[in-house]
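One structure is given here, and the rest of the page talks about it.
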Amino acid sequence: MDRLSPIYRSILILRAVHELHYEEIAETLGVPIGTVMSRLSRARRALRELLAPRPDPAEESPRGQ
Amino acid sequence: MNEDCAKIRPLLDAWIDGALSSFDRRRVARHVEICSNCGKEVESRRGVDAAIAADDQADDPGDAYSAALDDRINTRFDFEEAARHWAKPEKPARTRRVKMPRVWIPRLAFGVAGISVATVAVLLVRDLGPIHAPLPRITDLAEIPAARDSGQDGVAASRPTDAGQEAPTRSERPAAPPGESTIPRPVPGAATPSASREASDFEMAAKASAGEGRKEHPETGSAPESLAAAADSTPPGSTPPDSAPPSRPGLLAFFGALVEPADTRPSVTSRAEIASVAQNEQQSTRDDGSQNQFWSRRPAGSQTKDAIPAGPRRDQAAVPADSTWIRLRQGEARAAADAALAAGSIEGCEAALRAYWNMIHRGGRLLLSSPRDRAQLLEPDRPRIERLLRCAAR
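Listed in order, the protein sequences are those of chains A and B. Note that this note's numbering gives residue 14 to position 14 of the first sequence, counting from 1, and the numbers run on in steps of one. So this note's numbering is basically just the index in the second sequence, starting at one, shifted up by 1000.
Here is the structure:
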């Protein structure tokens, strides 16, 4: 979570941890609800990419033999 | 990934968060059930939320939240403007009063004025009652035509009677003798009975109450002194009477006449007795050529009791239109009578008699012009009135 940008981190926490609705998040952050939806989508994608296991380049070469 | 997936993917986050409309929610749910790719995407995104929730450190929204909140405060509130506003010197009190909203002041004044006008109107209507011409203070029969001609008999002048018809009013109107179609003029030198037909209700009531119990015609037989005693104690031909009850002698005479012993007045409890009294009255009136306005409701010439209107109405006191007034004043009079009799106070008894007077008078007009109706109305209070008379006469 620390590797995420603060904006993504905050919106993810407000939704996943505090379970606020989109309207509440919009009111809290002072942004339109459409911004909340798009930002939340991008935040989840970013976190998913961070959490996805990356293939170890060192392990690939012995397997490739 | 087909075309539907391209349309559904942007809605997946909102669908997971429950932020879609019911239509879109059903649409996405149907697609996720049939599309494995979108189903895996949903599971992946839900896993991200679960991972965030499971992170012990993921409790504070972080600097982004604080930064956003600061931005909101700064953009929505101008500190400099606020400082300039509160730094302004206070306006003087006079100026502040001028700035009071002026909309409600006229309304308030209008409302207060309207309430006071309505209050005054209600008090006037309640106290004055129906507006009638002032009744003349006539205590002498000889003055009736003079008062009428001089215009003091405002009530009779305002109520032109058709001698050939019975006036449908609640006060008993005199029926014209047969053959006469015009208002008869007073015959000089003769008794005033013919002119008394147009007399006011007060005169009729006064004469009837004074002459009740006498077989002869009230106009021809009533003594001036008894009539004067029954009427107000003001000099004849003076200004019209006001609504104030008479003095103690007047009250004693008025109520004394009403509560005369039964043997001195005709019984009015049975139709046969009414018929006999009526027959005697008509006989006496026919003898002297005058008209009997006491039994004015019955057509002239009827002698049998069959002419008496059938039904319980003739056996009961006529219910005047002022029944509410009478009922209210009756309660007051009874209360005053009970208190006065308990205290044994002469002044209290006199006041109680005045209360009974007020019960049958309204606006200077005597209600229930028929003495029989008055007697029946006061019958329940007769013991009280008799005791009041004895108390006040001490």
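Glycine included, every Cβ here is placed at the ideal spot set by N, Cα and C.
Item: Are the C-beta of S1022(B) and some C-beta of chain A separated by less than 8 Å?; Value: no
Item: Measure the C-alpha to C-alpha separation of Q42(A) and R1027(B) and round it to an integer number of angstroms.; Value: As written in the sequence, residue 42(A) is Arg, which differs from the Gln given in the question. The straight-line gap from Cα to Cα measures roughly 23 Å.
Item: Who are the neighbours of A1053(B) on chain A, taking C-beta pairs under 8 Å?; Value: A16, V17
Item: Hey, A1352(B) and A1333(B) are a contact pair by Cβ (cut 8 Å); roughly how many whole angstroms apart?; Value: 6 Å
Item: Give the interface partners of S1044(B) over in chain A, defined as CB-CB distance under 7 Å, in chain order.; Value: R48
Item: In the DSSP assignment, the alpha helix (DSSP H) including A1053(B) goes from what residue to what residue?; Value: 1036-1054
Item: Around the C-beta of F1110(B), are 16 or more other C-beta atoms found within 10 angstroms, so that it is buried, or is it exposed?; Value: exposed
Item: So I11(A) is in the alpha helix (DSSP H); what residue range does that whole segment cover?; Value: 6-16
Item: Comparing alpha-carbon positions, which option in V1048(B), R1372(B), C1349(B), I1008(B) lies nearest V1032(B)?; Value: I1008(B)
Item: Would you please state the rounded distance, in angstroms, between the beta carbons of I11(A) and I33(A)? I believe it to be under 8 Å.; Value: Not confirmed; about 12 Å, so no contact.
Item: I need the DSSP call for L20(A), collapsed to helix, strand or coil.; Value: coil
Item: Quick one, which of D1049(B), I1360(B), T1119(B) has its alpha-carbon nearest L1251(B)'s?; Value: I1360(B)
Item: Taking A1336(B) as part of the alpha helix (DSSP H), name the residues at either end of that continuous run.; Value: 1323-1343
Item: Do V1048(B) and R44(A) come within 8 Å of each other at the CB atom, strictly closer than that value?; Value: yes
Item: Return the CA-CA distance between F1254(B) and R1394(B), expressed in angstroms with no decimal places.; Value: 17 Å
Item: Which of the three DSSP states is assigned to L1020(B) in this structure?; Value: coil
Item: Tell me whether W1086(B) is buried or exposed, calling it buried when 16 or more other Cβ atoms sit within 10 Å of its Cβ.; Value: exposed
Item: Grouping DSSP H, G and I as helix and E and B as strand, with all else coil, what is L1367(B)?; Value: coil
Item: Which class does R3(A) belong to by DSSP, given the choice of helix, strand or coil?; Value: coil
Item: In chain order, what residues of the same chain have a beta carbon less than 6 Å from the beta carbon of W1325(B), not counting five sequence neighbours either side?; Value: R1362
Item: In the DSSP assignment, what residue or residues form a beta bridge with R44(A)?; Value: Its beta-bridge partners do not exist; DSSP assigns none.
Item: Does any residue of chain A have a CB that is nearer than 8 Å to the CB of V1048(B)?; Value: yes
Item: Can you check whether the CB of L1377(B) is closer than 8 Å to the CB of I1385(B)?; Value: no
Item: Quick check: is the beta carbon of A1019(B) nearer than 8 Å to any beta carbon in chain A?; Value: yes
Item: I want to see whether chain B comes within less than 8 Å of R44(A), judged by CB atoms only; does it?; Value: yes
Item: Are the C-beta atoms of A1006(B) and some chain A residue less than 8 Å apart?; Value: no
Item: Mind checking which residues open and close the alpha helix (DSSP H) that includes R1382(B)?; Value: 1382-1392
Item: Can you name the start and end residues of the alpha helix (DSSP H) that I1360(B) belongs to?; Value: Unbroken run through I1360(B): none, as it is neither H nor E.
Item: How far does the alpha helix (DSSP H) with G1250(B) in it extend, from its first residue to its last?; Value: 1248-1258
Item: Given a threshold of 16 other Cβ atoms within 10 Å of its Cβ, counted over all protein chains shown, does H1217(B) qualify as buried or as exposed?; Value: The predicted position of H1217(B) is uncertain, since its pLDDT is 44 and thus under 50; a value taken from the coordinates is nonetheless stated next. H1217(B) is buried by the Cβ-count criterion.
Item: Give me the Cα-Cα distance between L1389(B) and R1329(B), rounded to the nearest whole angstrom.; Value: 19 Å
Item: Relative to the alpha-carbon of A1355(B), which residue among L1011(B), S1022(B), A1343(B), A1339(B) has its alpha-carbon at the smallest distance?; Value: A1339(B)
Item: Our contact map puts L20(A) next to T28(A) with C-beta atoms below 8 Å; I'd like the distance itself, whole angstroms only.; Value: 7 Å
Item: Does the Cβ-Cβ distance between D1024(B) and R15(A) come in under 8 Å?; Value: no
Item: Could you name the residues of the same chain whose beta carbon sits closer than 8 Å to that of I1346(B), not counting the 5 residues immediately before and after it, in chain order?; Value: C1391, A1392, R1394
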